[in-house]
Each structure stands twice: as structure tokens, then as C-alpha cells.
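Below is one structure, written out as C-alpha cells; the observations come after it.
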Ligand SMILES: [Zn+2]
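Residue numbers (UniProt numbering): 1 to 343.
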């Protein structure tokens, strides 16, 4: 089968598009003929090499995908050949104390499609049956491939961890990213007031079209000062910061007393200066989050089904044009998801 893969870590030039072996399934796995996949920033980190994560080469990239069930193992009951499905990228052991408690993303063996095992930028992918779900609503394959990883991540951050409530104010930093734009949609459905930041006025316009109440261009204004002004020095209830070093101190000072800061990443560095006095005196909660559990995955499928929601797709590339797609993501030119069409 045709696939996009790497045989060593490095730059965009290390990505190959060629023939690889088609996966073979076990009795509890499902083989899916992929129709679409979508990019995540994770793909770039996997390509460059993540410290502590060893991959077997050739390694197929990609965590999100949707397609048609080609073959289901003998013990698989939830889907059958011909079903239109999407994938939950998070795979766990099913037996440890965390899995038993329904907290799959806390599993010590937790891993992702495309990160530790072969992913979705291919004609076929295999996955455990627990990770395969029918596509909700009337979503196209491109739309179905565009939302799982980022919506699952944003849902756990806002709903399960920060427990965002109607009428609260949330600040989402860097609205161009996939998790951030998913968080904007979820926060608006929750009934919260949403403030976003971006350094790009086009992205600010798009965020407003998606329902952002206020958008701050951080190249023109200091967002922390602007938050103090906008909230009469009170600060926001919830703040989503995946940026890390560059924003951390300002994020802490943008929170209200009792506020919740939630993070799932640190694109500018993971060891910022911090302010412990502000954290304890203002009783701020700092919440870490990664992906989500299976219940949360079902909750986002319901969110799409009930609200007839469509993910924001920035652009669609063909599988063979994968380098251009990754280049666009690396240069942060996208708003929403970059999708790969696979035929
Ligand atoms: Zn486990």
C-alpha cells in the first residue's frame, strides 16, 4: 500500500511517500481503508524525534483518520466491514488500575496512533476495536478525520479538568492551533464568554466568525494588561495555555482569584519562570491534561451528533503532497485543521 513515512528523524526532507506493507490484524483489531487523515503538531515532533519515544522504522505518521472498515477481527462486535468509521487515536492497556477506573489517558502504556505505532497517512491502518467508532451525523470523511484528537484534548481540558461553566470567562491563547480552535467551539457551546489571542489579524477575524467574543492581537497589545482592563482587574476564570515559557507568567497574572489554568503543551518551552506566591495566595489551580478517556471520546461524538457540528477545515491536500501540508503547519499558516485526502 502507499503511505507517508519516515526511516529516520529530521526535517521535512526525511518524509517519504512510497509502498509499504499492508497491516495484518489480530482477532480484536480492525483494518480500515482510509479516506482522509488530518495533521496535528504531534506529527512534526514525531518526525523530528521525541526524547524517550522510540519508533520502529519505517514509521507511518498521522494520528487522526476516517475511512471504511475493510476487515474486522473475529472477536470484533462494534463495527463490521463496510461501516464508515473514525479513529480514537489513544490506545491503552485495558488492564491497569487507571484503565480499570476509566482513565485511559493516564495508563502507563498509553500511546497514540502515529506516535508509537504506525499511523493514518496511509491507504490502510489497523487499530484495536475499542478505538473504532461510526462517524457521527452527516460528516464527510474529511470532516470526520479533522476533529478527534483536538476535540478530545480540548474537551477534557475545558469540561473535565477546568469544569468551565456557563457565564464564566475563558481566555484561549494562540487561536490558530487545532486544540485552541476546538476549545473555542466547545466553550461557546458551554455558554462561556470567550477571549482569544493571536498575532495574526486574519486569524482574529476567523475566530470572531466562530463566536469569539473578544480577540486580542498580542503583537499590538500586552494580553495580560488587556485582560485586566477588560475584566475590571478581576481576571478570567479559566485560561488555556499551550504556549508555555513565553506566556506562563502573563497567564498566571491574567487569572481571577480561584482561577484555573489548564495546559496540554508548551510549544515555546516547558521550563518557564513561575510565581508560586500568586498561585497560593490567589488559590489558582494549575491543571495538566493529555488527550482523553473513552467516555470523553463518546461525549465529543455526541457533541457533533446533537449539534450538527462541523470542524473547521483550513485546507485539504492530497497524500502525495504531504510535505507541503506539513510545511504549512510548521509555518503556523493554518486556522483550524489541515486535512489529507486519501484515495
Ligand atoms: Zn492501562
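Heads up, the beta-carbon is just placed ideally off N, CA and C, and yes, glycines get one too.
| task | Between the Cα of residue 281 and those of 308, 253, 194, 12, spot the shortest distance and give me the residue it belongs to. | result | Considering only 308, 253, 194, 12, the residue with the shortest C-alpha distance to residue 281 is 253.
| If you check the beta carbons only, do residue 313 and residue 145 fall under 7 angstroms apart? | Going by C-beta atoms, residue 313 is not nearer than 7 angstroms to residue 145.
| message | Do residue 325 and residue 42 have their beta-carbon atoms positioned less than 7 angstroms apart in this structure? | response | In this structure, residue 325 does not lie closer than 7 angstroms to residue 42 by Cβ.
| request: Answer yes or no: the CB of residue 180 versus the heavy atoms of ligand 1, is any distance below 6 angstroms? | output: No; taking the cut-off as 6 angstroms, the Cβ of residue 180 has no heavy atom of ligand 1 nearer than that.
| task | Could you have a look at residue 128 and say whether DSSP puts it in helix, strand or coil? | result | Assigned with DSSP and collapsed to three states, residue 128 falls in strand.
| Between residue 71 and residue 341, what straight-line distance do the alpha-carbon atoms span, to the nearest angstrom? | Cα to Cα, residue 71 sits roughly 21 angstroms from residue 341.
| ligand 1: which residues have Cβ under 5 angstroms from any of its heavy atoms, chain order? | The set of residues with a C-beta under 5 angstroms from any non-hydrogen atom of ligand 1 comprises 92, 93, 96, 99, 107, given in chain order.
| For residue 61, does the three-state DSSP call read helix, strand or coil? | Residue 61 falls in the coil class under three-state DSSP.
| task | Name the two residues that bound the continuous beta strand (DSSP E) containing residue 19. | result | Here the beta strand (DSSP E) through residue 19 covers 15–19.
| From what residue to what residue does the beta strand (DSSP E) around residue 338 run? | Segment 337–341, the beta strand (DSSP E) holding residue 338.
| field | From 97, 183, 22, residue whose alpha carbon lies closest to that of residue 162 | value | For residue 162, the nearest C-alpha among the options comes from 183.
| query | So what does DSSP say about residue 317, is it helix, strand or coil? | reply | Three-state result, residue 317: strand.
| Can you give the Cα-Cα distance for residue 114 and residue 215, rounded to whole angstroms? | Computed Cα separation, rounded: 34 angstroms.
| Hey, quick one: how far does the beta strand (DSSP E) through residue 285 stretch, first residue to last? | It spans 285–288 - the beta strand (DSSP E) in which residue 285 sits, taken as one unbroken run.
| message | Let me confirm a value: residue 120 is counted as buried when at least 16 other C-beta atoms fall within 10 Å, else exposed. Which label applies? | response | Buried, by the Cβ-count rule.
| task | Inspect the beta-carbon positions of residue 153 and residue 291 and report whether they are closer than 7 angstroms. | result | Yes, the Cβ-Cβ distance between residue 153 and residue 291 is below 7 angstroms.
| query | With burial defined as no fewer than 16 other Cβ atoms inside 10 Å of the residue's Cβ, what is the status of residue 89: buried or exposed? | reply | In the assembly as shown, residue 89 is a buried residue. Its beta-carbon has 16 or more other beta-carbons within 10 Å.
| query | Can you give the Cα-Cα distance for residue 58 and residue 330, rounded to whole angstroms? | reply | Separation of residue 58 and residue 330 (C-alpha to C-alpha, rounded to the nearest whole angstrom) is 22 angstroms.
| query | What's the C-alpha gap between residue 13 and residue 318? | reply | If you take the alpha carbons of residue 13 and residue 318, they lie about 17 angstroms apart.
| Inter-residue spacing [alpha-carbon to alpha-carbon] between residue 261 and residue 284 | For residue 261 and residue 284, the distance between alpha carbons rounds to 7 angstroms.
| So, is residue 218 buried or exposed, given that buried needs 16 or more other C-beta atoms within 10 angstroms? | Buried, because 16 or more other Cβ atoms sit within 10 Å of the Cβ of residue 218.
| request: Examine chain C for any beta-carbon lying closer than 7 angstroms to the beta-carbon of residue 321, and answer yes or no. | output: Annotation note: the requested chain C is absent from the structure, which comprises a single protein chain.
| message | Check this for me: beta carbons of residue 244 and residue 266, under 7 angstroms apart or not? | response | Residue 244 places its beta carbon less than 7 angstroms from that of residue 266.
| task | May I have the straight-line CA-CA distance separating residue 109 from residue 92, to the nearest angstrom? | result | Answer to the nearest angstrom: the Cα atoms are 6 angstroms apart.
| said: So, at 8 angstroms on beta carbons, what are the nonlocal neighbours of residue 75 in its own chain, with the 5 sequence-adjacent residues on each side left out? | reply: Counting only Cβ-Cβ distances below 8 angstroms, and skipping sequence neighbours, we find 27, 28, 129.
| query | Taking buried to mean at least 16 other C-beta atoms within 10 Å of its own C-beta, is residue 206 buried or exposed? | reply | Buried.
| task | Excluding the 5 residues preceding and the 5 following residue 296 in the sequence, name in chain order all residues of the same chain whose CB lies nearer than 7 angstroms to its CB. | result | Taken in chain order, the residues that qualify are 152, 155, 156, 160.
| message | Report the CB separation of residue 66 from residue 5 in whole angstroms; it is logged as a contact under 8 angstroms. | response | Rounded, the Cβ-Cβ distance is 20 angstroms, inconsistent with contact.
| query | Does the Cβ of residue 259 have 16 or more other Cβ atoms within 10 Å, making it buried, or fewer, making it exposed? | reply | Label assigned to residue 259: buried.
| said: Quick check on the burial criterion: 16 or more other C-beta atoms within 10 angstroms. Buried or exposed for residue 174? | reply: Taking every protein chain shown into account, the CB of residue 174 has 16 or more other CB atoms within 10 angstroms, so this residue is buried.
| Would you call residue 24 buried or exposed, if buried means 16 or more other Cβ atoms sit within 10 Å of its Cβ? | A residue is called buried once 16 or more other Cβ atoms fall within 10 Å of its Cβ, and residue 24, having fewer, is exposed.
| query | Candidates 201, 223, 242, 221: which alpha carbon is nearest residue 180's? | reply | Taking only the C-alpha atoms, the option nearest residue 180 is 242.
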